[in-house]
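Per my numbering, residue 3 is the first one in the sequence shown, and the count goes up by one each step. Glycine included, C-beta positions come from ideal geometry on N, C-alpha and C. Nothing here was measured: the structure is a model prediction, and the numbers come from that model.
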Amino acid sequence: MPLKEFTSKHFLGRDSEIDSLARVASQAGSGDAGSIILLGKRGIGKTELLRHLYSELFNSRTGTVPFFYTIKTAFASVENFSRDYISSFVLQYLAFIRKDPSLINTGIYSLDDLRGIAVKSDAPWISNIIDNYSQVREDGDLLKLFSYVISLPYYSYRHTGAPVVVMIDDFHKIRKLSELSDRGYDKDLWMLFENPIKFRFSPHIIAGFKAELHKMFFEETSFGEHLEIINLGGLSRHDSLGLFRSLCEKYTLSCETDMAQFLELFGGNPFYIKSLVQAARQSAKCCSQDDFLETYIREITKGKIYTYWTSILKSYIQRFELRKPSLALLYNLCEHGTDDVSNLSETLSIKQEDIDCMLGLLHTAGIVETGFSTLELIDDLVLIDLIKGLYHREIVREPWDKIKDALSADERQPVTTDRTPAFDLVIPATSRSELVAVKSLEEVARYYKMPPDTTGQLQVSLIDLFSAVLAKNGSSGENYKLKFILRDNVFSVEILTSQADLVFTESVMRHIRQYIDDIRVEDVKTGSKITLVKKVDKDITSVL
3 MPLKEFTSKH FLGRDSEIDS LARVASQAGS GDAGSIILLG KRGIGKTELL
53 RHLYSELFNS RTGTVPFFYT IKTAFASVEN FSRDYISSFV LQYLAFIRKD
103 PSLINTGIYS LDDLRGIAVK SDAPWISNII DNYSQVREDG DLLKLFSYVI
153 SLPYYSYRHT GAPVVVMIDD FHKIRKLSEL SDRGYDKDLW MLFENPIKFR
203 FSPHIIAGFK AELHKMFFEE TSFGEHLEII NLGGLSRHDS LGLFRSLCEK
253 YTLSCETDMA QFLELFGGNP FYIKSLVQAA RQSAKCCSQD DFLETYIREI
303 TKGKIYTYWT SILKSYIQRF ELRKPSLALL YNLCEHGTDD VSNLSETLSI
353 KQEDIDCMLG LLHTAGIVET GFSTLELIDD LVLIDLIKGL YHREIVREPW
403 DKIKDALSAD ERQPVTTDRT PAFDLVIPAT SRSELVAVKS LEEVARYYKM
453 PPDTTGQLQV SLIDLFSAVL AKNGSSGENY KLKFILRDNV FSVEILTSQA
503 DLVFTESVMR HIRQYIDDIR VEDVKTGSKI TLVKKVDKDI TSVL
């Protein structure tokens, strides 16, 4: 059963990443798996990707044990971290072997509780693990205690022969465990992860902030060279629009316009898309593009996105006297960029040592990126708009109406006619409608010069749709209206029917999705609209 409490159902466009990471589980079984660093911008979906990977592995039959753990800054001591780490590992292991996800979601268990569950689960070795942990803790050697708990996947494999895939989110926060330095130990105890990470029967997938992980694994140590790096990008235009639509449906929010161009502003960032829809549904049930623009301006000047980014800035720029200079520095990067850090001091009338301090903090925060000899703001249009609004409000002291008008003018794009050729077709709703639809699809695909295998897969899915759904739901005695269109290397077939409340069985949906990338079913005033979506790998836009 899926871990519904653990994952979001609004998760699109990550199939290839899930498949790539899931292969680590099969490789772990043969001892040929390597560990991975998962990088990406804030809000891009690293955590949700790991959660879905965990759910995938939990429900798979590979025999590889999944373990997901998030580093918590509340545990500012090795003892607290170690107790939580062993409890989480044992609990998730027991849930996996019992195939009982409710264990993970139903409460907090003491180690004695887990010992009892282990006995009932025919896993007596867990009692030995807990006893050894208790003994190490009583000895008071914190380095040994830390090393012991992070090696639990290794001990688990030695006892059971089952490989483990370890997923650790917010790994950079582990540096907060400062208790060791108070007792005279090396503060960088996280380096003890080197051996567990290298063990090929328990590969680790580590996610966190890019700048800090780069520093930890490549600048301060050299064992990053043994790890694979995966950079998680934003969602495609198609998947961004799909996420937007699914969230609108969830919140019963009606959209009167095509939002594809507007959503490009978000760079495929799921956090931004979710925040926009959540804010929009608080003010209306039906929104135009102007309404969404109004909502966006509110979000980046006083809403959730604003609170999110200003909280991050405050947490890194803690010296109050550096906040206005930092904002001026960020605004300068938005407007002009820079190739010469030395010029910033003169341009902004800020001491060079303060410039260096602020740039270091902003780089660690993931807001400023540095190459070998270059410096720039991260590629994030939403953050740039937020910085501009904040600068004009707190430094220039402009009135709200003027700030709002300026931001709105930046985001308004001239309306352009969509010149992408589309083909509309009306066919009678008869018993042989699918033959006409399939033949028409073939001619349209030939015009677009689509790959033959792509055309064939679309034809199969179209036949399945007509025979397994439309025919079985009864003929309306009217016509089917079809629309074929190729845009941004995504081919879609829209079928409009007067039939309402169409019944799609799970097996039919699964079978159709074998051949296409998505199928959407919408209730419209005149009946139902079904859209088949297929991504075209080959760049064929030049034919349009």
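Which whole-angstrom value describes the C-beta separation of Tyr87 and Ile152, a residue pair presumed to lie in contact below a C-beta threshold of 8 Å? The Cβ separation is near 7 Å, so the contact holds.
Contacts around Tyr318, its chain only, beta-carbon distance under 6 Å, and the 5 residues preceding and following it disregarded: Annotation for Tyr318: Leu363, Ala367 place their beta carbon closer than 6 Å to its own, counting only its chain and skipping 5 residues before and after.
Contacts around Gly1, its chain only, beta-carbon distance under 7 Å, and the 5 residues preceding and following it disregarded: No answer is possible for residue 1: the residues shown for the chain start at 3 and end at 546.
For Ser351 and Ile131, the rounded distance between their alpha carbons: One C-alpha to the other measures close to 60 Å.
Interface flag, Ile405 vs chain B, CB-CB below 8 Å: In the structure shown, chain B cannot be found, because there is only a single protein chain.
At a threshold of 7 Å, does Ile521 count as lining the ligand NAD (C-beta to nearest heavy atom)? Here there are no bound small molecules, and the ligand NAD is not part of this structure.
So Ile231 and Ile39 are supposed to be a Cβ contact under 8 Å. How far apart are they, rounded? Going by Cβ atoms, the distance from Ile231 to Ile39 rounds to 5 Å, so yes, they are a contact pair.
In terms of DSSP beta bridges, what is Cys288 paired with? Per DSSP, Ser256.
For Ser410 and Phe294, what's the separation of their Cα atoms in angstroms? Ser410 and Phe294: Cα-Cα distance of roughly 11 Å.
Let me check understanding here. Comparing Cα to Cα, which of Val438, Lys451, Asn491, Tyr517 lies closest to Leu484? Considering only Val438, Lys451, Asn491, Tyr517, the residue with the shortest C-alpha distance to Leu484 is Val438.
For the segment 351-388, which segments carrying the beta strand (DSSP E) assignment without a break, of at least 3 residues, lie completely within its bounds, in sequence order? Segments of the beta strand (DSSP E) lying fully in the segment 351-388: 370-372, 377-379.
Going by C-alpha to C-alpha distance, which of Lys537, Ile380, Gln461 sits closest to Gly339? Measuring from the Cα of Gly339, the nearest candidate turns out to be Ile380.
Which same chain residues, not among the five before or five after Tyr468, have their C-beta less than 8 Å away from its C-beta? At residue 468 the sequence reads Phe, which differs from the Tyr that was named. Within the same chain, Cβ atoms closer than 8 Å to the Cβ of Phe468 are found at Ser435, Glu436, Ala439, the five residues on either side in sequence being excluded.
Per DSSP, which residues does Arg522 bridge with? Please list them. Note: Arg522 is bridge-paired with Thr533 in the DSSP secondary-structure output.
Buried versus exposed call for Met193 [16 or more other C-beta atoms within 10 Å across all chains shown]: With fewer than 16 Cβ atoms within 10 Å of its Cβ, Met193 is classed as exposed.
Any contact of the segment 20-39 with the segment 157-177, i.e. 3+ C-beta pairs under 8 Å? These segments touch.
Using the C-alpha atoms, what's the distance from Leu427 back to Tyr71? Roughly 53 Å separates the two Cα atoms.
Is the beta carbon of His161 less than 8 Å from the beta carbon of Met218? No. Outside cutoff.
Strictly by DSSP, which residues pair up with Pro430? In DSSP, Pro430 forms a bridge with Asn481.
Tell me whether the beta-carbon of Lys536 lies closer than 8 Å to the beta-carbon of Ile518. Against a cut-off of 8 Å, the Cβ pair of Ile518 and Lys536 comes out as a contact.
By Cβ distance, which residues of its chain are closer than 6 Å to Tyr274, with the 5 residues on each side in sequence left out? Within the same chain, Tyr274 has close Cβ partners Phe268, Val384.
Buried or exposed, going by whether 16 or more other CB atoms sit within 10 Å of the CB of Arg300? With 16 or more Cβ atoms within 10 Å of its Cβ, Arg300 is classed as buried.
Can you look up Ala262 in the DSSP assignment and give me helix, strand or coil? Looking at Ala262 - three-state DSSP - the assignment turns out to be helix.
Measure from the alpha carbon of Gln137 to the alpha carbon of each residue in Glu81, Gly529, Lys276, Lys122, then state which is nearest. Closest by alpha carbon: Glu81.
DSSP on Ser183, reduced to helix/strand/coil? Only weak support exists for where Ser183 lies, its pLDDT of 49 falling under 50; the coordinates are left without a value.
Gly553 lies in the alpha helix (DSSP H); which residues open and close that run? Nothing about residue 553 can be reported from this structure: the residues present for the chain run from 3 to 546 only.
Using DSSP with H/G/I as helix, E/B as strand and the rest coil, what is Ala1? Missing from the structure shown is residue 1; the chain here goes from 3 to 546 and no further.
Are the Cβ atoms of Met360 and Leu331 separated by less than 8 Å? With respect to Leu331, Met360 sits close: the two C-beta atoms are nearer than 8 Å.
For Gly15, does the count of other Cβ atoms within 10 angstroms reach 16, so buried, or fall short, so exposed? Counting of Cβ neighbours within 10 angstroms places Gly15 among the buried residues, the total reaching 16 or more.
Ala164 in three-state terms, based on DSSP: Look at Ala164 here: in three-state DSSP terms it is coil, with no helix or strand label.
Separation of Ser285 from Lys306, as counted between CA atoms: One Cα belongs to Lys306, the other to Ser285, and the distance between them is close to 15 Å.
Short of 8 Å in beta carbon distance, which residues of its chain neighbour Thr64, apart from the five on each side in sequence? Order them along the chain. Excluding residues within five positions, the ones whose Cβ falls inside 8 Å are Ala27, Ser28, Gly31.
Leaving out five residues on either side along the sequence, give the residues of the same chain with a beta carbon under 6 Å from the beta carbon of Tyr253. For Tyr253, the CB contacts under 6 Å within the same chain, skipping 5 residues up- and downstream, are Arg283 in chain order.
Continuous alpha helix (DSSP H) assignments of at least 4 residues falling wholly in the segment 180-241: If only complete runs of 4 or more residues are kept, the segment 180-241 shows the alpha helix (DSSP H) at 181-184, 196-200, 212-216, in order along the chain.
Could you name the residues of the same chain whose beta carbon sits closer than 7 Å to that of Phe148, not counting the 5 residues immediately before and after it, in chain order? Same-chain partners within the cutoff: Val80, Ser84, Leu191, Leu194.
Find the nearest neighbour of Thr49 within the set Ile208, Ala97, Ala120, Leu59, judged by alpha-carbon distance. When the alpha-carbon of Thr49 is set against those of Ile208, Ala97, Ala120, Leu59, the nearest one is in Ile208.
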